[in-house]
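The next block holds one structure in the form of structure tokens; read it before the comments.
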Amino acid sequence: DGQDRWVFLTLAAGAEAKQAGFFVELSSGRPHLISNTLALERLLHWKGVCVDGGTGIVGADAQNRSCMVFNVTFGCSTPGKASTTLVDVLAAAQAPHKIDY
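Okay, structure coming up:
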């Protein structure tokens, strides 16, 4: 896909390809179908988190990604939806202090 390819080529081009980085993908939608980070995860062994407040995201999406997938919203109340902060998500994922993308 175009976004995934651009991110991969921008962050992983040539000998400077960063191995084992960390990403945060917000509003990830369906992170196993359309993703800015899937190639980083699969080809360069990056770790990270995908976050989206949409309904039904966690099942298939979590099974098809090695990153942590969070089905939450930030700071707004939606009936039946967990609300949290990005700090809480990063803590739950044990994210490093430096986020690469």
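Residue 74 is where the sequence shown starts when you use our numbering, and the numbers rise one by one after that. We put the beta carbon where it would ideally sit given N, CA and C, even for glycine. These numbers were taken from a predicted model, which means no experiment stands behind them.
Checklist line | Which residues DSSP lists as bridging C123, in chain order | finding: Paired residue(s): E98 and V142.
Checklist line | First and last residue of the uninterrupted alpha helix (DSSP H) at D173 | finding: Judged by DSSP secondary structure, D173 falls outside any alpha helix (DSSP H); it is assigned neither H nor E.
Note to self: Quick check: the Cα distance between K91 and R138, rounded to an integer number of angstroms?
What the structure shows: K91 and R138 have their C-alpha atoms spaced approximately 19 Å apart.
Check: Is D173 closer than 9 Å to L111 when the C-beta atoms are compared?
Finding: Taking 9 Å as the cut-off, the beta carbon of L111 is found no closer than this to the beta carbon of D173.
Notebook entry, point to check: Nearest to F81 by alpha carbon, out of V162, G127 and E114?
Noted result: From the listed residues V162, G127 and E114, the smallest Cα separation to F81 is found for E114.
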